[in-house]
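This report concerns only the one structure given below.
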Amino acid sequence: FLCLCLIIFGDLITFYVSLTIAYFFRIKILPYIISTPEFIYDFKHFLYLWWLPVIFLSFFAFEGLYIKRFSFSEELKHLSKAIFLSIIVIFSIVSLGKMSPRVSRTVLAGTGVIACFLFPFTRFWYKKLLYTLGLYQENALIVGAGRAGQLIACGLERDRHYGYKLVGYVDDDITKKAVQVNGHYYPVLGTFKDLPAICKDKHIQTIILAVPSLGSERIKSLFMEIRQLAKHILIVPELRGISLLSADLDYLFYEELFILHTRNNLNSPVNKIIKQIFDWIGGILLFILTLPFLGIIACLIKISSPGPIFYTQCRVGKKGKLFKIYKFRTMYVDAEERLPKILAQDRELKEVYLKRRKIPNDPRITPIGHFLRKTSLDELPQIFNVLKGEMSLVGPRPALPEELERYYKEEAQYYLQVKPGITGLWQVSGRNKTDFYFRVKIESWYVQNWCLWLDIIILLQTVKAVIKMEGAC
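Taking UniProt numbering, the leading residue of the sequence shown gets 1, the next gets one more, and so forth.
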């Protein structure tokens, strides 16, 4: 209860900070940008409008932001929806109640825009603080120390925003003593029959059933045994590889059956148009914002080593159409000629190259090239490919013709369905720690599960990766 009160209090503070910024923008900055009527309200006037934050918090509650646990990306989606609906309702009340003379719609609109950026930031940090203090935590126990259980632990460890604290595992395999996940060891606390004692001793609030190999009848029996042991029971079905991100859940009551309605969003002409418009608008804005950087980087490349500024290469686009991709040159001009000699000198290095299609600490990269690759700024010229309609802002990484033939195989049908992207799911999924086959799988998953919100999340994650310099080596 204390945690819930602190989160609501944090949301109230964030709302009033957004309102304050919008108010001072209206009276101090906006008049210098455009001609505006005289502003007759003082700030106290807005503080008296107590119903404004009530509407915001009501929609937050409606979206489950106070009772459900989301990943950060999913919470961002619900926050955006709640803020948008709040502003719509507030504007409707102001218009229908004929309150326009008493309420500045510019300040209200500004509050909504600022809130969209401020709420994700503040919620991330105060939930992180509450987690550190032990207030925003639920002790979680995973039933099943197999592959599914390890993947669940990996996901919960990566996204602490869920607020689950993993205590350990239970498994009927008595030879398992601990499970290693990303360098951390979680103990196997006992077998299935020990669950009641473990839940009581460790104060377990959430049990995660991650034993899909047991079969539906055994899972049902296990569920009936543990349903009273914890506040929440999460069940992990074996459905990997199926496009479920935009799936709808239906239920046949008499038959006691769940039905998952999946769809291929990119087969819809409307969604194709939406993605194209998103690329055009985003490409133009990105070009305008990065134009100074393009000029500076071009000068640095020219100074650092002889050769052209741009590097072009033939890549495979949508429906197999070949196009020339633009990148800032990060290697010396004789890089291709030096590659066979470098690989011939080191067999292990050759194996790494064949697996990942890159060389660690590649000696062919120029000094400025290391920086450009580390920050992914070498990809900026691909904006021109987006504006030409050859690429998308978000999509699979542009593949070479020989890569498509060698690595993609049956997955090539997904790659050829969309335009390749400047950034993508692979680029924000620890690309330096993964092999080429992982790249193929994750890009196929992206195509099957595409939605506009996924593109937005990937773009936000890309900005984070660039700032943290998590690009290619």
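Ideal Cβ positions, reconstructed from N, Cα and C, are used throughout, including at glycine.
1) To the nearest angstrom, how far is it from the Cα of isoleucine 296 to the Cα of phenylalanine 287?
2) Quick check on the DSSP output: the beta strand (DSSP E) that includes tyrosine 185 runs from which residue to which?
3) Look at the alpha carbon of leucine 387 and the alpha carbon of leucine 339, and state the distance between them as a whole number of angstroms.
4) Determine the direct distance from the alpha carbon of phenylalanine 59 to that of glycine 112, and round the result to whole angstroms.
5) If you compare alpha carbons, which of Phe293, Ile152, Ser246 and Lys321 is closest to proline 381?
6) Nearest CA to the CA of isoleucine 67: which residue from Gly163, Lys220, Leu151 and Thr366?
7) Tell me the start and end of each unbroken alpha helix (DSSP H) in the region 343-398 that is at least 4 residues and wholly inside, in chain order.
8) Check for me: the alpha helix (DSSP H) holding isoleucine 259 runs from which residue to which?
9) Quick test of your reading: tyrosine 136 and cysteine 3, contact by CB under 8 Å. State the CB separation rounded to the nearest angstrom.
10) Is the number of C-beta pairs between the region 180-187 and the region 150-160 that are closer than 8 Å three or more?
11) When you compare only the Cα positions, how much space is there between cysteine 473 and glutamate 348?
12) Do the CB positions of asparagine 267 and serine 243 come within less than 8 Å of each other?
13) If you reduce the DSSP assignment to three classes, tell me which class arginine 439 lands in.
14) Between which two residues does the beta strand (DSSP E) carrying glutamate 75 extend?
15) Specify, as a first and last residue, the run of the beta strand (DSSP E) that arginine 315 falls within.
16) Between the Cα of leucine 6 and those of Leu222, Asn271, Phe253 and Arg123, spot the shortest distance and give me the residue it belongs to.
17) Would you tell me roughly how many angstroms separate the C-alpha atoms of phenylalanine 192 and leucine 234, rounded to the nearest one?
18) When the Cα atoms are used, what is the spatial distance from isoleucine 442 to valine 418?
19) Under 8 Å by Cβ, that's how I've got arginine 315 and proline 396 pegged, so tell me the actual separation to the nearest angstrom.
20) If you follow the alpha helix (DSSP H) that valine 113 is in, where does it begin and where does it stop?
21) Determine, using beta carbons only, whether leucine 393 and isoleucine 422 come nearer to each other than 8 Å.
22) Looking at the strands, I want to know which residues DSSP matches up with asparagine 139.
23) Please go through the same chain and pick out, in chain order, the residues whose beta-carbon is closer than 7 Å to the beta-carbon of leucine 416, but skip the five residues on each side of it.
24) When you compare the CB positions of alanine 247 and histidine 261, do they come within less than 8 Å of one another, or not?
25) What's the call for glycine 144, buried or exposed, on a 16-neighbour Cβ count within 10 Å?
26) What three-state label does DSSP hand glycine 149 in the structure shown?
27) Judging by CA-CA distance, which residue of Phe438, Gly97, Val107 and Arg406 is the nearest neighbour of lysine 28?
28) Based on the DSSP secondary-structure assignment, which residues constitute the bridge partners of isoleucine 284?
29) What three-state label does DSSP hand cysteine 473 in the structure shown?
30) List the DSSP bridge partners of leucine 222.
31) Considering aspartate 455, what are the terminal residues of the beta strand (DSSP E) in which it resides?
32) Touching or not, the region 322-333 and the region 365-377, by the rule of three or more beta carbon pairs under 8 Å?
33) Would you grab the beta carbon distance between isoleucine 274 and leucine 459 for me? Rounded to a whole angstrom, and I think it's under 8 Å.
34) So for glycine 155, helix, strand or coil by DSSP?
35) In three-state DSSP terms, what is isoleucine 422?
36) What three-state label does DSSP hand phenylalanine 323 in the structure shown?
Reading from the atomic positions:
1) Looking at the two C-alpha atoms, the distance is approximately 14 Å.
2) Its beta strand (DSSP E) spans residues 184-187.
3) If you take the alpha carbons of leucine 387 and leucine 339, they lie about 33 Å apart.
4) Between glycine 112 and phenylalanine 59, the C-alpha separation is close to 13 Å.
5) Per the Cα distances, Phe293.
6) Ranking Gly163, Lys220, Leu151 and Thr366 by Cα distance to isoleucine 67 puts Gly163 first.
7) Within the region 343-398, the runs of alpha helix (DSSP H) at least 4 residues long that lie entirely inside it are, in chain order, 347-356, 367-375 and 382-387.
8) No alpha helix (DSSP H) holds isoleucine 259; the beta strand (DSSP E) holding it covers 257-261.
9) Taking the Cβ atoms as the reference, tyrosine 136 lies roughly 5 Å from cysteine 3, within the contact range of under 8 Å.
10) Two segments are said to touch when three or more pairs of C-beta atoms, one from each, lie closer than 8 Å; by this definition the region 180-187 touches the region 150-160.
11) Bear in mind that the predicted position of cysteine 473 carries a pLDDT of just 49, short of 50, making it unreliable; the figure below should be weighed with that in mind. So the two alpha carbons sit approximately 18 Å from each other.
12) No. Outside cutoff.
13) Arginine 439 falls in the helix class under three-state DSSP.
14) From DSSP, glutamate 75 is part of no beta strand (DSSP E) but of the alpha helix (DSSP H) over 72-96.
15) That run of the beta strand (DSSP E) goes 310-316.
16) Checked all of Leu222, Asn271, Phe253 and Arg123; the closest Cα to leucine 6 is Arg123.
17) Spanning the alpha carbons of phenylalanine 192 and leucine 234 requires a straight line of approximately 16 Å.
18) Distance between the alpha carbons of isoleucine 442 and valine 418 is about 14 Å.
19) That belief does not hold up - the Cβ atoms of arginine 315 and proline 396 are roughly 11 Å apart, past 8 Å.
20) 105-132 is the span of the alpha helix (DSSP H), which, as asked, contains valine 113.
21) Yes, the pair counts as a contact, with Cβ atoms nearer than the cut-off.
22) Asparagine 139 pairs with Lys165.
23) The residues Lys318, Lys319 and Gly320, in chain order, have a CB closer than 7 Å to that of leucine 416 in the same chain once the five nearest residues on each side in sequence are set aside.
24) Their beta carbons are under 8 Å apart, which means alanine 247 touches histidine 261 by this criterion.
25) It is buried - the Cβ of glycine 144 has at least 16 other Cβ atoms within 10 Å.
26) The DSSP-derived three-state label of glycine 149 is helix.
27) Out of Phe438, Gly97, Val107 and Arg406, Val107 has the C-alpha closest to the C-alpha of lysine 28.
28) Among the bridge pairs identified by DSSP, isoleucine 284 is matched with none.
29) A caution first: cysteine 473 carries a pLDDT of 49, below 50, which makes its placement in the model unreliable, though a value can still be read off. Here cysteine 473 sits in coil by DSSP.
30) None; leucine 222 has no bridge partner.
31) Where aspartate 455 is concerned, there is no enclosing beta strand (DSSP E), although the alpha helix (DSSP H) it sits in stretches over 452-467.
32) Touching, yes.
33) Contact between isoleucine 274 and leucine 459 is ruled out by a C-beta separation of about 15 Å, above the 8 Å threshold.
34) Here glycine 155 sits in helix by DSSP.
35) Here isoleucine 422 sits in strand by DSSP.
36) Note: phenylalanine 323 maps to strand in three-state DSSP.
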